[in-house]
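So the protein lines, in turn, are chains G and B. Per this note's numbering, the first sequence starts with residue 1405, numbered consecutively. Per this note's numbering, the second sequence starts with residue 2, numbered consecutively. For reference, the structure discussed in these notes is given below.
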Amino acid sequence: MLPILQVGPLAIQLPGLLLLAGVWVGSAVIEREAPKHGLSGATLGSLVFYGLVAGLLGARLGYALRYWSVYAEDPLGLISLNPLTLSAAEGAAAAFLVSLVLARRQRLPTWPTLDAFAPGLAVFAVFAALANLSSGDAFGAPTSLPWAIDLWGAARHPSQVYALLLALAVFIAVRRFALGPTFPGFLFLAWLAMTAASRLFLEAFRGDSVIVLGSLRAAQLISLVVLGAALLGLNQRARVAQKGAEGKAGDSG
Amino acid sequence: MRKRDAIPRGEAGRSSYFAWLADQRRWRALAAVTMAVGLVWTVVSAVPQEAGPRGSTAAPREGFSAPDFRLTLLGGGEVALSELRGQVVIVNLWASWCPPCRAEMPALQEVYEAYGDRGLEILAVNTTYQDSQAAAARFVEEYGLTFPVPLDQTGEVSRRYLLRALPTSFFIDRDGVIRNVVIGGPMSKTTIQTTVESLLRDE
């Protein structure tokens, strides 16, 4: 764990820097993938950018709404750099809505666009795992295994290392899938299924799970639903693609 | 816009894994096995009831019990963190030579004045091992600080709180559990105020 990198007088917050690097590399990958799906890299790049901006604004405004009396007194507090005064749910909703509206207005085809995003998202997950490794977030449950790490007052599963390894595996798998024949939606849905499956697996080793229904881990239940939806989507997209291919074969024959 | 060919015709299409995905029977088997394994894993890895709350382990992190300390105060006397149970406490680690620490002190003082009688206590721990008591005293006088200023002479509290950047603030709830950590600063008055308010709200 190395949350702060001291470079002379500069205290660099490593987790934030890693996330930023993840966004940067991830969006570079998306822009490079775009032409393979018949899309413009610049269009997708700006989609990422505006989505992020909307996410940040939404996160801060959502937080300010909860404490509006404080912010009414000091509106300048809205432009503070402090990540503590951000609200994740509102931010994600804003980012999603703005990206969706922009994508609709640009008439981007849904599945190829999502496919172009898949490798970038997989890259970002690698950096997110590194950020957690640096900050000690997403920490593991106590264990007596020989590879346990000493963290937050206990010997724990190095859950961040597990997550890093699986994120790398998912990224490599997405890259390999991208090289082979695909149908629209395959890359994205395959990424989604693998990501959900790995979270489902990894959550078992976490020490900070949100518990629902007595003793179940909320993240695993959500992952199960997402995994099921991704598998369903894969089946449907594959059938649509197969029908299209058969139609084409019929035309020519 | 050129779309990719949906499925390459001929043998490639038949042998590839997505002809497999389109086949209802094989897909159903795949989905059923995957979901069953996932469900079993979820149940197997359910959190055992006897696992106690994290709040009982002491660590300088959100959701954990704040590590206790006992320090002498600037101007005499002693304070122990554990004696402040029942109050919302901000532990702020600072040094007189650190500009962002200077920048956020007036805000801390203002919030202290506004919320002090509603159950807020502030311990502005001076990292005396890398500062000096005289400089700390001048600083407190200059800013008219009225909250207690414990002196970390040996650096033990800074070590226990894994201090890596100045200032660092820990927001501790009435049960002694750390609820927020702010590394680096300066914190704006709104940041301090909203955090304190949310901690005072949940009794």
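Backbone N, C-alpha and C define an ideal beta-carbon position, used for all residues, glycine too.
Got a sec: is the Cβ-Cβ distance from residue 1615 of chain G to anything in chain B below 8 Å? Counting from one through the first sequence, the residue named residue 1615 of chain G turns up at place 211. It does: the Cβ of residue 1615 of chain G has a partner Cβ on chain B nearer than 8 Å.
Indicate whether at least one CB of chain G lies closer than 8 Å to the CB of residue 128 of chain B. Stepping through the second sequence from its first residue, residue 128 of chain B is reached at position 127. No, residue 128 of chain B does not count as interfacial toward chain G.
What is the rounded straight-line gap between the Cα of residue 1609 of chain G and the Cα of residue 1567 of chain G? Here residue 1609 of chain G refers to the residue found at position 205 when the first sequence is read from its first residue. Here residue 1567 of chain G refers to the residue found at position 163 when the first sequence is read from its first residue. Whole-angstrom Cα-Cα distance: 10 Å.
Mapping the DSSP letters down to three states, classify residue 165 of chain B as helix, strand or coil. Counted from its first residue, the second sequence places residue 165 of chain B at position 164. Reduced to three states, the DSSP call for residue 165 of chain B is coil.
Please state whether DSSP places residue 95 of chain B in a helix, a strand or coil. For the purposes of this step, residue 95 of chain B is identified with residue 94 of the second sequence, where counting begins at 1. In this structure, residue 95 of chain B counts as strand in the three-state DSSP scheme.
DSSP-derived helix/strand/coil call for residue 154 of chain B: Stepping through the second sequence from its first residue, residue 154 of chain B is reached at position 153. Looking at residue 154 of chain B - three-state DSSP - the assignment turns out to be coil, as it is neither helix nor strand.
Please report the residue range of the alpha helix (DSSP H) in which residue 198 of chain B lies. If you number the second sequence from 1, residue 198 of chain B lands on position 197. That run of the alpha helix (DSSP H) goes 190–202.
Residue 1479 of chain G versus residue 1461 of chain G - alpha carbon distance: Position 75 of the first sequence holds residue 1479 of chain G. Position 57 of the first sequence holds residue 1461 of chain G. The C-alpha of residue 1461 of chain G is placed about 14 Å away from the C-alpha of residue 1479 of chain G.
For residue 1560 of chain G, write down the residues that DSSP places opposite it in a beta bridge. Residue 1560 of chain G sits at position 156 when you count from the first residue of the first sequence. For residue 1560 of chain G, which the question treats as bridged, DSSP gives the partners G:1546, G:1553.
Near residue 120 of chain B, which residues of its chain fall below 8 Å by C-beta distance, leaving aside the five closest residues on each side in sequence? The residue given as residue 120 of chain B occupies position 119 in the second sequence. Contacts found: 87, 88, 89, 175, 201.
Cβ closer than 7 Å: which chain B residues qualify as neighbours of residue 1456 of chain G? Here residue 1456 of chain G corresponds to residue number 52 of the first sequence, with the count starting at 1. Contact of residue 1456 of chain G with chain B by beta-carbon distance below 7 Å is absent, the smallest such distance being about 22 Å.
Is any heavy atom in the ligand ZN found nearer than 7 Å to the beta carbon of residue 1649 of chain G? As for the ligand ZN, it is missing from this structure, which has no ligand bound.
Among residues of its own chain, excluding the 5 on either side of residue 1582 of chain G, which ones have a beta-carbon nearer than 7 Å to its beta-carbon? By 1-based counting over the first sequence, the position of residue 1582 of chain G is 178. Listed in chain order, the non-local C-beta contacts of residue 1582 of chain G below 7 Å within the same chain comprise 1523, 1591, local neighbours out to five positions each way being set aside.
Would you mind stating whether residue 113 of chain B and residue 140 of chain B have Cβ atoms separated by less than 8 Å? Start at 1 with the first residue of the second sequence, and residue 113 of chain B comes out as number 112. Start at 1 with the first residue of the second sequence, and residue 140 of chain B comes out as number 139. Cβ atoms of residue 113 of chain B and residue 140 of chain B: not closer than 8 Å.
Check whether the Cβ of residue 1531 of chain G lies closer than 8 Å to any Cβ atom in chain B. Within the first sequence, numbered from 1, the residue matching residue 1531 of chain G stands at position 127. Not closer than 8 Å to any Cβ of chain B, the Cβ of residue 1531 of chain G fails to qualify, so no.
Short CB-CB distance (under 8 Å) between residue 195 of chain B and chain G: Taking the first residue of the second sequence as 1, we reach residue 195 of chain B at position 194. Yes, its Cβ sits closer than 8 Å to a Cβ of chain G.
Which residue marks the beginning of the beta strand (DSSP E) containing residue 121 of chain B, and which one marks its end? Numbered from its first residue, the second sequence carries residue 121 of chain B at position 120. First-last of the beta strand (DSSP E) with residue 121 of chain B: 121–127.
Specify, as a first and last residue, the run of the beta strand (DSSP E) that residue 72 of chain B falls within. In the second sequence, residue 72 of chain B corresponds to position 71, counting from 1. Residue range 71–73 is occupied by the beta strand (DSSP E) that includes residue 72 of chain B.
Short of 6 Å in beta carbon distance, which residues of its chain neighbour residue 171 of chain B, apart from the five on each side in sequence? Order them along the chain. If you number the second sequence from 1, residue 171 of chain B lands on position 170. Listed in chain order, the non-local C-beta contacts of residue 171 of chain B below 6 Å within the same chain comprise 92, 179, 182, local neighbours out to five positions each way being set aside.
Using a Cβ distance threshold of 8 Å, determine whether the segment 1421–1428 of chain G contacts the segment 1437–1450 of chain G, with at least three qualifying pairs required. No, the segment 1421–1428 of chain G does not touch the segment 1437–1450 of chain G.
Step through the CB atoms of chain B and report whether any lies within less than 8 Å of the CB of residue 1436 of chain G. Within the first sequence, numbered from 1, the residue matching residue 1436 of chain G stands at position 32. No, residue 1436 of chain G does not count as interfacial toward chain B.
With DSSP run on the structure shown, which of helix, strand or coil describes residue 1417 of chain G? One-based indexing of the first sequence puts residue 1417 of chain G at position 13. Here DSSP, grouped into helix, strand and coil, assigns residue 1417 of chain G to strand.
Quick one: is residue 1528 of chain G near chain B, going by C-beta distance under 8 Å? Taking the first residue of the first sequence as 1, we reach residue 1528 of chain G at position 124. At a cut-off of 8 Å between beta carbons, residue 1528 of chain G makes no contact with chain B.
Just grab the DSSP bridge partners of residue 1620 of chain G for me. Counted from its first residue, the first sequence places residue 1620 of chain G at position 216. The bridge partners DSSP lists for residue 1620 of chain G are G:1616.
Quick check on residue 1550 of chain G: buried or exposed, where buried means 16 or more other Cβ atoms within 10 Å of its Cβ? One-based indexing of the first sequence puts residue 1550 of chain G at position 146. Burial is judged here by how many other beta carbons sit within 10 angstroms of a residue's own beta carbon; residue 1550 of chain G has fewer than 16 and is exposed.
Could you name the residues of chain B that residue 1475 of chain G contacts, counting a contact when the two beta carbons are closer than 7 Å? In the first sequence, residue 1475 of chain G corresponds to position 71, counting from 1. In chain order: 191.
Counting contacts by CB-CB distance shorter than 8 Å, is residue 1621 of chain G in contact with chain B? Position 217 of the first sequence, counted from the first residue, corresponds to residue 1621 of chain G. Yes, residue 1621 of chain G counts as interfacial toward chain B.
Go to residue 1594 of chain G, then tell me how far its alpha helix (DSSP H) extends in each direction, as first and last residue. The count along the first sequence starts at 1 and reaches residue 1594 of chain G at position 190. Unbroken alpha helix (DSSP H) run through residue 1594 of chain G: 1590–1606.
Helix, strand or coil, according to DSSP, for residue 1531 of chain G in the structure here? What you label residue 1531 of chain G is simply residue 127 of the first sequence in a count that begins at 1. Helix, per DSSP.
Let's see if you can read the secondary structure: which residues bound the beta strand (DSSP E) around residue 48 of chain B? For the purposes of this step, residue 48 of chain B is taken as residue 47 along the second sequence, with counting starting at 1. No beta strand (DSSP E) holds residue 48 of chain B; DSSP gives it neither H nor E.
Among residues of its own chain, excluding the 5 on either side of residue 1642 of chain G, which ones have a beta-carbon nearer than 8 Å to its beta-carbon? The residue given as residue 1642 of chain G occupies position 238 in the first sequence. 1587, 1590, listed in sequence order.
For the alpha helix (DSSP H) holding residue 137 of chain B, just list the boundary residues, first then last. Residue numbering aside, residue 137 of chain B sits at position 136 when the second sequence is read from its first letter. 134–144 is the extent of the alpha helix (DSSP H) around residue 137 of chain B.
Answer with yes or no whether the minimum CB distance from residue 1624 of chain G to chain A is below 8 Å. The structure shown has no chain A; the protein chains it does contain are G and B.
Within chain B, the residues that residue 1643 of chain G reaches when beta carbons sit closer than 7 Å: Taking the first sequence and counting its residues from 1, the one referred to as residue 1643 of chain G is at position 239. The contacting residues are 23.
Unbroken alpha helix (DSSP H) run spanning residue 86 of chain B, endpoints: The count along the second sequence starts at 1 and reaches residue 86 of chain B at position 85. First-last for residue 86 of chain B: undefined, no H or E at that position.
Cβ-based neighbour list, residue 51 of chain B, same chain, cut-off 6 Å, excluding 5 preceding and 5 following: Here the question's residue 51 of chain B lines up with position 50 in the second sequence. At residue 51 of chain B the pLDDT is 48, less than 50, meaning the model places this residue with poor confidence; the figure from the coordinates comes in the next sentence. Once the five neighbours on either side are set aside, residue 51 of chain B has no close Cβ partner at all.
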